[in-house]
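Protein chains: 2
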Amino acid sequence: MTDVHWLDDNQLDAWKKFVAVVELLPGVLDSQLQRDAELSHFEYFVLAMLSEAPSRTLRMTALAGATNATLPRLSHVASRLEKKGFVERTPCEEDKRATNARLTELGYEKVVATAPGHVATVRENVIDPLSPEDVAHLDRLMGRILATLDPEHRFNPGARGA
Amino acid sequence: MTDVHWLDDNQLDAWKKFVAVVELLPGVLDSQLQRDAELSHFEYFVLAMLSEAPSRTLRMTALAGATNATLPRLSHVASRLEKKGFVERTPCEEDKRATNARLTELGYEKVVATAPGHVATVRENVIDPLSPEDVAHLDRLMGRILATLDPEHRFNPGARGA
DNA sequence: GGGTATTAGTTGTAGCGTCAAGTATTGGAG
DNA sequence: CTCCAATACTTGACGCTACAACTAATACCC
Numbered sequence: 002m003t004d005v006h007w008l009d010d011n012q013l014d015a016w017k018k019f020v021a022v023v024e025l026l027p028g029v030l031d032s033q034l035q036r037d038a039e040l041s042h043f044e045y046f047v048l049a050m051l052s053e054a055p056s057r058t059l060r061m062t063a064l065a066g067a068t069n070a071t072l073p074r075l076s077h078v079a080s081r082l083e084k085k086g087f088v089e090r091t092p093c094e095e096d097k098r099a100t101n102a103r104l105t106e107l108g109y110e111k112v113v114a115t116a117p118g119h120v121a122t123v124r125e126n127v128i129d130p131l132s133p134e135d136v137a138h139l140d141r142l143m144g145r146i147l148a149t150l151d152p153e154h155r156f157n158p159g160a161r162g163a
Numbered sequence: 002m003t004d005v006h007w008l009d010d011n012q013l014d015a016w017k018k019f020v021a022v023v024e025l026l027p028g029v030l031d032s033q034l035q036r037d038a039e040l041s042h043f044e045y046f047v048l049a050m051l052s053e054a055p056s057r058t059l060r061m062t063a064l065a066g067a068t069n070a071t072l073p074r075l076s077h078v079a080s081r082l083e084k085k086g087f088v089e090r091t092p093c094e095e096d097k098r099a100t101n102a103r104l105t106e107l108g109y110e111k112v113v114a115t116a117p118g119h120v121a122t123v124r125e126n127v128i129d130p131l132s133p134e135d136v137a138h139l140d141r142l143m144g145r146i147l148a149t150l151d152p153e154h155r156f157n158p159g160a161r162g163a
């Protein structure tokens, strides 16, 4: 039992604010989307990632990577989105273990209709309070933290969409 | 329907990394605490906030503020923590509507035993990948975002503890 | 090419959080 | 001093996520 490397005051202040943001932000994103589109943020994010993919289609594993989700989580959400008619799942021909998730036309229209309100929320709560230099710092900081949280780069670096 | 103020490439990059961190970080904190202490991060945070309060006691509303939680959420968690013997709830004498939550001796020992492993996880995943300047930037950025997310300052600025 | 390990995905269950509703107490308004 | 509104919680039901267990197909190995 050696002595612990505690956080100093500056580190503690930053950490407490970070924790608060991590707790509060998802709720803000979810409320707006739930209210205006009856979608959770994660559901929207799934649709958005599909909308940017070639043929609006992605294998479940790739989609899970692009959305920072586990496969079981994505599978459940895909079922719900399928029921709503936003997504179709079809067995993959090249690898019969795999499943392709495709955004339907209805799903695409949903993304198009929902994106503006969502972007406005992101701007209002995150981007607009920050200067361009702040945004550059945010990119750097989150990049560093991500590199530790996700060393395997399961997180898809090429994906697009707000 | 005027045209939308989309994010530019820099903003989008920063936002996507931020979202990924917000998705992944809670899981990392929860796993470590669950594995080593059979506590969720939120449960630990509640105990930690109480441990820093005068007489290790806080009214439910104050505790909810300090932990960035809604009252119903805190109430459920307090019930669980009470069952585990870490917390006691007693009616408040000055205001009979209110409830005081107090950390028991067992709860205090739990915090003391759990803190080192938790701090190590926070260091490993967040603090240590960052330079001191980065930490200062993190403090600034999260402060700005918090001011928007929580304009009423429900979030307790005086609370302490990692 | 048979056997095993790995990969891809689904499903069931249990636990946690949100939302809506309900109770009790206090603070004002007139 | 009597209402009515607001505050401080608690509770119950529902939905989402993590975890574990399962099926199915492919890759590797000799």
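Chains A and B are the protein sequences, given in the same order. Going by the working numbering, the residue at position 121 of the first sequence is 122; the numbering climbs one at a time, nothing skipped. Going by the working numbering, the residue at position 126 of the second sequence is 127; the numbering climbs one at a time, nothing skipped. Cβ atoms here follow ideal geometry from the backbone N, Cα and C, with glycine treated the same way. Just so we're clear, the structure is a prediction, and the values are computed from it rather than from any experiment.
Helix, strand or coil at residue i according to DSSP, with G and I counted as helix
| i | result |
| --- | --- |
| LEU147 of chain A | helix |
| ASN101 of chain B | strand |
| ARG155 of chain B | coil |
| GLU94 of chain B | coil |
| VAL136 of chain B | helix |
| VAL5 of chain B | coil |
| GLU39 of chain A | coil |
Close Cβ partners of residue i (< 8 Å) along its chain, the five nearest in sequence each way excluded
| i | result |
| --- | --- |
| LEU75 of chain A | VAL47, MET61, LEU64, ALA65 and THR68 |
| TYR45 of chain B | LEU34, ALA38, VAL112, THR115 and HIS119 |
| HIS6 of chain B | none |
| GLY86 of chain B | THR105, LEU107 and GLY108 |
Residue i classed as buried or exposed, judged by whether at least 16 other C-beta atoms fall within 10 angstroms
| i | result |
| --- | --- |
| ALA70 of chain A | buried |
| ALA148 of chain A | exposed |
| ALA99 of chain B | exposed |
| HIS77 of chain A | exposed |
| PRO152 of chain A | exposed |
| GLY28 of chain A | exposed |
| LYS17 of chain B | buried |
| LEU8 of chain B | buried |
| GLY159 of chain B | For GLY159 of chain B, the pLDDT reaches just 49, beneath the cut-off of 50, and the residue's location in the model is therefore unreliable, although a value from the coordinates is still provided. Result: exposed. |
| ALA107 of chain B | With the sequence shown as reference, residue 107 of chain B is identified as Leu, and Ala is not the correct amino acid for it. LEU107 of chain B comes out exposed. |
| LEU72 of chain A | exposed |
| GLU95 of chain B | exposed |
Neighbourhood of residue i by C-beta, 6 Å cutoff - its chain only, sequence neighbours within 5 removed
| i | result |
| --- | --- |
| ARG155 of chain A | GLY66 |
Boundaries (first-last residue) of the beta strand (DSSP E) holding residue i
| i | result |
| --- | --- |
| THR58 of chain B | 58-60 |
Closest by C-alpha distance to residue i, when choosing among the options
| i | options | result |
| --- | --- | --- |
| PRO92 of chain B | B:LYS85, B:LYS84, B:ASN101 and B:GLY86 | B:ASN101 |
| ARG81 of chain A | A:LEU59, A:SER41 and A:PRO130 | A:SER41 |
| ALA79 of chain A | A:ASP129, A:LEU59, A:ASP96 and A:LYS97 | A:LEU59 |
| ASN11 of chain B | A:VAL23, A:GLU94 and A:ARG141 | A:ARG141 |
| ARG103 of chain B | B:GLU110, B:SER56 and B:LEU72 | B:SER56 |
| VAL127 of chain A | B:LEU150, B:LEU72 and B:GLU83 | B:LEU150 |
| GLU134 of chain B | A:GLU110, A:ASP96, A:LEU139 and A:GLY86 | A:LEU139 |
| ILE146 of chain B | A:GLU24, A:LEU131, A:ILE146 and A:MET143 | A:LEU131 |
| GLU110 of chain B | B:LEU51, B:VAL136 and B:LEU26 | B:LEU51 |
Opening and closing residue of the alpha helix (DSSP H) in which residue i lies
| i | result |
| --- | --- |
| GLU106 of chain A | 106-123 |
| THR80 of chain A | At residue 80 of chain A the sequence reads Ser, which differs from the Thr that was named. Segment 72-84, the alpha helix (DSSP H) holding SER80 of chain A. |
Cut-off 7 Å between Cβ atoms - residues of its own chain near residue i, not counting five sequence neighbours on either side
| i | result |
| --- | --- |
| ARG31 of chain A | Residue identity differs from the one stated: residue 31 of chain A is Asp in this sequence, not Arg. So the qualifying residues of the chain are SER41 and HIS42. |
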